[in-house]
Every structure is written in structure tokens, then in C-alpha cells.
Amino acid sequence: MNLENSINEFKLAQEVIPGGVNSPVRAFKSVHCSPIFISKAKGSKIFDIDGNQYIDFVSSWGPMILGHAHDDVLEAINTTAANGTSYGAPTKLETLMAQKIISMIPSVEKVRMVNSGTEATMSAIRLARGFTKKEAIIKFSGNYHGHGDSFLIKAGSGALTLGLPDSPGVTKNTAKDTLIADYNDLDSVERLLIEKSDQIAAIIVEPVAGNMGLVLPNNTFLQGLRELSDKYNCLLIFDEVMTGFRLAAGGAQEYYNVKADLTTLGKIIGGGLPVGAYGGKKEIMDYLAPNGPVYQAGTLSGNPLAMSAGLTVLNKLDNDFYENLETISNKIHIGLTKNIKDTNTNAVVNRNGSMLTLFFTDLNQVNNYDDAIKCDTDKFADYFQIMLEQGIYLPPSPYECLFFSSSLTDNDINKFINANKIALEKLKK
Ligand code: KE4
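The sequence shown runs 139 to 567 under this note's numbering.
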């Protein structure tokens, strides 16, 4: 496979961009090869600048649930752009987006648009602290909520991938207000609540963890967090930046029937443009300026292009859409599971809806951070490269998820499953 242009472009990029990338995980460091530079994408296919074609299982880390360059999304963007790209003033599109989100996520009564998932989570904990007049938050090892200072403690995603879960630059005073519990371990949460209950503003959780690889909540975890939040009078924040509109129209809250007090969103609601959002009960959200005292603002928040792209996507997410996506995802899950058995590979596949991770591990299950970090990251790097050579573009990290889109064809699915079997057989040698 010729990657000459990508290799040369990466050298150039590293002279002017830290690490040559605008988000660390894109540098392919943990998969021990030079990153591919993308020229274009359409549907389930993505193309690099050397003309190589790949089936895309990253979906831009979640947003491209319809596949790339969907005709209706492009038309919405182009039509909106013809009238201007940003006004810094209210538009009807923002009201339509808020109404759409509220109609899909029952616990959300009011919503504020921002420009990234990080902005959404940073703003949500500021609001929680302002509303409750308490300062500490509880997060979980391996959960990633963006690069806000309060979250870069035992963080997942790129921070875990690069071995930087506790980033320098986060002050001790900030870190002391972030308490760490273990995912799927309610006792670890209650111990912190008992010890610091009068100080804890909120528990923030990925209802399905996608940033230590995919780790599912056990059958009592989310309801247990709801009950603990009520018992100890703190807010429950579901970070649904990844799961929102992906697991179901109402996200993990619909899927698991557990309501959050605040919900953070991103990725899919922008249709591939920069968007984040946070929402919840009216009495909490109305604590935000200009109604209330908690301040948050943004020049491009509610940008008309992003609103029109996002609304075009959300308006397609009906029951038939999710049934089709589940059919695609289940076929892949069955194929990978069969390959692991047929090749006698030590691996675990975790899946929830159209999110999946294959862990190379001797464990029988991966249920938390300690399980996840035991996986064989070198083997994953070899696997990634063998799959890339076969035209399969996977997330370049063992601590991420595959994201399936509705544009995947049966041919794509069969090619993926066959490439996976070849890779597992090669790894046995
Ligand atoms: P952004 O600021 O990247 O839009 O969103 C941060 C964020 C918040 N919450 C959750 C649950 C998230 O998964 C994310 C971002 N996800 C990563 C992928 N694991 C983004 C990819 C990257 O960092 O380049």
C-alpha cells in the first residue's frame, strides 16, 4: 500500500502543528505507524491522499451516523450558507434544534447549544456547582468528558491512549475537586458521597463508557447512580456526547430508562460540524445567564450551518433507522465473535448498539478501567495495521470504539469480517 503522500504531509504538518495533528489520537502513535491524511469521503468510504480507499469504522468518532457527505446534509449546509454563515444573533434554526432535542430526550426541558462536547461538559459542571452551591464532582476512571481541567484526572480516550490520564497543567486546587470512582462499582461512589456528601455537586458519567474501549454499565449501575444522587442530594449528569442519538433516539436514557438531571451532547447533533449542547430540568437550566447567575457564552454557539446540518440528521433518526443500524451492527458482532472462536484468539468483544470494541485480552470480560488497561495494546497495534492494509479504517487506539453508520453495505460488512479473520490468523503466527 502506497502511503508516500501521507507520510510526507505528516512531516510537513509536524513543523507547524504540535504532533502534526489537531487532536492527539489522530497521530496514530499508539498503533506505531504514520497517520493517513484524508482527501475525501462518501457514504461508508473514506479516501487518503494517496488514493487508497477504506471502509470507515471511525465515523469521525461518532458524528457520521448517516455516513459521509450525505446528500441531504450537504444540501442543508449549502442552502443555509447561501444566506450567510454566522450572525451572532438568534435564529429560528436554534429554536427548532432545541425543540427537536427536547422532543427526543424526555429529561431535557431546556437546552443550550455550544461548540464542542468539551464545552458542554465544562458548562454542565459549572452549572451544577452554581445551582447546588457545592464544588466537588465525581467522575469515573477511564471516562473521558473532553479536555476540561476538571476531567483530565484518570481520563480515557486520547489521554489514556497516550498514557496521560492526569495531565500536567491541571492545578492541584482544580484536581482536589474531582473525586474518582470506579465504573460499575456503586460502593466506590457511595463511599465518596458519605465522606464528602455536603461538598459534591454532581456525579458525571458516560452511561455507556466509550473511552476506555466500550464498557457497558452492569444491570444495576445507572439506576443505582440515580438513587445515590437522590439520596445524597447531588445532580446526576449523563455525558451522552457519544451515546446521544446513537444508542437510541433518546440516547442511553431511553435505552436504560434512567433519567439524568443534566445531559451533555455533541457529535451527531452537528451532522459533522462543530456542535455541543447541554440540557436538563428548567429549574436548573434557568440558572444560566441571562436568566440566572451562572455564566456561559460562545461566539459561534447555535451556528446556523451546524444547526441545519444537525437537524437534517436528527430528522432521519426514526425507529426504522435504528432497526436497520442494529441489523448492521449485529451482523458484524456475530461475524467477529465467530472469527475469535474459529481462530482461538484471546479476545473480548463489547458492543452496545452501533458502538463496539474488540479487546485483545486473556480476561473473559472487560467491565471497568482496570480490566481495560490489561488489554494487549501491542497486539492491537499490529491488528490495526493489518486491517488498514486490507482497506479497513479502524479507530487508531485500543481505548476507542468503532462507530457504525447506516451507509455500511452487506459487501462492506462481509469485507470487514473477512479482513478481521485474516488479521486474527496472521496474529497467531
Ligand atoms: P469534543 O470536545 O471532542 O467534541 O467532545 C469531548 C467528549 C466528551 N464526552 C465524551 C463521552 C466524548 O467521547 C468526547 C470526545 N470523544 C473523543 C473520542 N473518544 C473525541 C476524539 C478526539 O479526541 O479526537
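From the three backbone atoms N, C-alpha and C, an ideal C-beta is built for every residue, glycine too.
Residue i vs residue j beta-carbon contact at 7 Å
i, j, result
"Asn281", "Ala347", "yes"
"Lys419", "Glu247", "yes"
"Ser241", "Gln391", "no"
"Met493", "Leu352", "yes"
"Ile174", "Ser144", "yes"
"Ala258", "Ala415", "yes"
"Ala340", "Asp315", "no"
"Lys271", "Ser279", "no"
"Pro533", "Phe166", "no"
"Leu317", "Ile342", "no"
"Asp210", "Thr450", "yes"
"Pro201", "Gly410", "yes"
"Tyr531", "Ile176", "no"
"Leu324", "Gly268", "no"
"Asn575", "Asn506", "The structure shown does not extend to residue 575, since the chain spans only 139 to 567, so no value can be given for it."
"Thr475", "Val487", "yes"
"Ile239", "Val249", "yes"
"Asp399", "Leu366", "no"
"Gly296", "Pro162", "yes"
Distance cut-off 6 Å: residue i Cβ against heavy atoms of ligand 2
i, result
"His283", "Judged by which ligands are present, ligand 2 is missing from the structure shown, whose ligands are ligand 1."
Any non-hydrogen atom of ligand 1 closer than 6 Å to residue i Cβ
i, result
"Gly491", "no"
"Thr256", "yes"
"Val159", "no"
"Gly417", "no"
"Val396", "no"
"Asn163", "The question names Asn, yet the displayed sequence has Val at residue 163. Yes, ligand 1 has a heavy atom inside 6 Å of this Cβ."
"Asn349", "yes"
"Ser295", "yes"
"Val379", "yes"
"Gly410", "no"
"Gly280", "no"
"Gly404", "yes"
"Glu344", "yes"
Beta bridge counterpart(s) of residue i as assigned by DSSP
i, result
"Val486", "Phe497"
"Val343", "Phe376"
"Ala319", "Phe278"
"Gly417", "Val249, Thr401"
"Gln191", "Phe185"
"Ile203", "DSSP lists no partner for Ile203."
Three-state secondary structure assigned by DSSP to residue i
i, result
"Ile406", "helix"
"Thr381", "coil"
"Val252", "strand"
"Thr401", "strand"
"Ala227", "coil"
"Gln434", "coil"
"Phe541", "strand"
"Val353", "strand"
"Gly440", "coil"
"Ala386", "strand"
"Tyr521", "helix"
"Phe185", "strand"
"Leu141", "coil"
"Ile239", "helix"
"Leu302", "coil"
"Ile530", "strand"
"Leu83", "Since the first residue shown for the chain is 139 and the last is 567, residue 83 is missing from the structure and cannot be characterised."
"Ile338", "strand"
"Ser172", "coil"
"Thr309", "coil"
Limits of the alpha helix (DSSP H) - the one that residue i falls within
i, result
"Gly286", "Segment: none, Gly286 is in no alpha helix (DSSP H) and carries neither H nor E."
"Gln361", "359-369"
"Val163", "First-last for Val163: undefined, no H or E at that position."
"Leu212", "209-219"
"His471", "457-480"
"Ile555", "548-566"
"Ala510", "507-510"
Residue i, enclosing beta strand (DSSP E) - first and last residue
i, result
"Ala297", "Segment 295-299 is the alpha helix (DSSP H) holding Ala297; no beta strand (DSSP E) there."
"Lys180", "176-180"
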